[in-house]
Amino acid sequence: MAIIKWTESLSVGVAEIDEQHQNLINLINSLHDAMLKKQSKEVLADILDKLAAYTVYHFSTEEKYMEQCNYQGLYYHKKEHERFVEKIESFIRDYQANKLGLSIELMTFLKDWLTNHIMITDKKYTAVFNENGIV
Ligand code: FEO
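Quick note on our numbering: the sequence shown kicks off at -15 and runs consecutively.
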């Protein structure tokens, strides 16, 4: 069962970034499914690593375009990205050290963070990106 569903309301008006957001949503849904099916720690750790790596890749794509466009909101947007990556990396460290387990609270945090970030922070760059030919 998907914890997040892609809908047009999540579109930021840039095809490449919409596709990356869909990939992130798919990874969060895979993690949620694996957790509900009580998959092994190795399976869950593998999905978590993929989610962390893809998140870093996605953030670097957005930051590259923001720099290209001299986007005014780059500094604060980048700070939000950095805080989220630190949080995921810290969770992975604690998970590997058996200090924390996967939980519905973590899944809800990932879902809420991503959807709020797309709807509020990402959507702010749409007009600037589109004006600069990033569509
Ligand atoms: Fe799509 Fe700013 O993350």
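Built from N, CA and C at the ideal position, the CB exists for glycine as well.
Q.
For Gln4 and Val(-4), I'd like the C-alpha separation in whole angstroms.
A. If you number the sequence shown from 1, residue 4 lands on position 20. If you number the sequence shown from 1, residue -4 lands on position 12. When rounded, the distance between both Cα atoms is 11 angstroms.
Q | Nearest to Ile102 (by Cα), restricted to the options Lys25, His16, His42 | A | Your numbering for residue 102 matches position 118 in the sequence shown. The residue with the shortest Cα to Cα distance from Ile102 is His42.
Q.
Is Gln6 near ligand 1 - that is, is its Cβ less than 8 angstroms away from at least one heavy atom of it?
A. Sequence index remark: in the sequence shown, residue 6 carries index 22 (1-based). Gln6: no, Cβ never under 8 angstroms from ligand 1.
Q) Taking Cβ to Cβ, would you say Asn13 is nearer than 9 angstroms to Ile(-13)? A) Within the sequence shown, residue 13 is the residue found at index 29, counting from 1. Within the sequence shown, residue -13 is the residue found at index 3, counting from 1. Their beta carbons are under 9 angstroms apart, which means Asn13 touches Ile(-13) by this criterion.
Q: Could you tell me whether the Cβ atoms of Tyr49 and Ile104 are closer together than 9 angstroms?
A: Here residue 49 corresponds to residue number 65 of the sequence shown, with the count starting at 1. Here residue 104 corresponds to residue number 120 of the sequence shown, with the count starting at 1. The answer is no: Cβ separation not under 9 angstroms.
Q) What are the complete alpha helix (DSSP H) segments, minimum 4 residues, inside the segment 35 to 88? A) 58 to 80
(Q) What does the Cβ neighbour count give for Met19, buried or exposed, with the cut at 16 atoms within 10 Å? (A) Residue mapping note: residue 19 aligns to position 35 of the sequence shown, counting from 1. The residue in question, Met19, is buried, as its Cβ has 16 or more Cβ neighbours within 10 Å.
Q. Mind checking whether the beta-carbon of His61 lies closer than 8 angstroms to any heavy atom of ligand 1?
A. Start at 1 with the first residue of the sequence shown, and residue 61 comes out as number 77. Correct: His61 has its Cβ closer than 8 angstroms to ligand 1.
Q. Are the CB atoms of Ala36 and Ile1 nearer to each other than 9 angstroms?
A. Stepping through the sequence shown from its first residue, residue 36 is reached at position 52. Stepping through the sequence shown from its first residue, residue 1 is reached at position 17. Going by C-beta atoms, Ala36 is not nearer than 9 angstroms to Ile1.
(Q) On a Cα-Cα basis, can you pick out the residue from Leu98, Leu86, Thr92 that is closest to Ile31? (A) The residue you call residue 31 lines up with position 47 of the sequence shown. Looking at the Cα atoms, Leu86 is the closest of the given residues.
Q: Run the proximity test for Ile102: is its beta-carbon closer than 8 angstroms to any non-hydrogen atom belonging to ligand 1?
A: The residue given as residue 102 occupies position 118 in the sequence shown. In this structure, Ile102 has its CB closer than 8 angstroms to one or more heavy atoms of ligand 1.
Q) How is the alpha helix (DSSP H) around Ser14 delimited, first residue to last? A) Locating residue 14 in the sequence shown gives position 30, where the first residue counts as 1. Membership of Ser14 in the alpha helix (DSSP H) is indicated by the continuous run -1 to 20.
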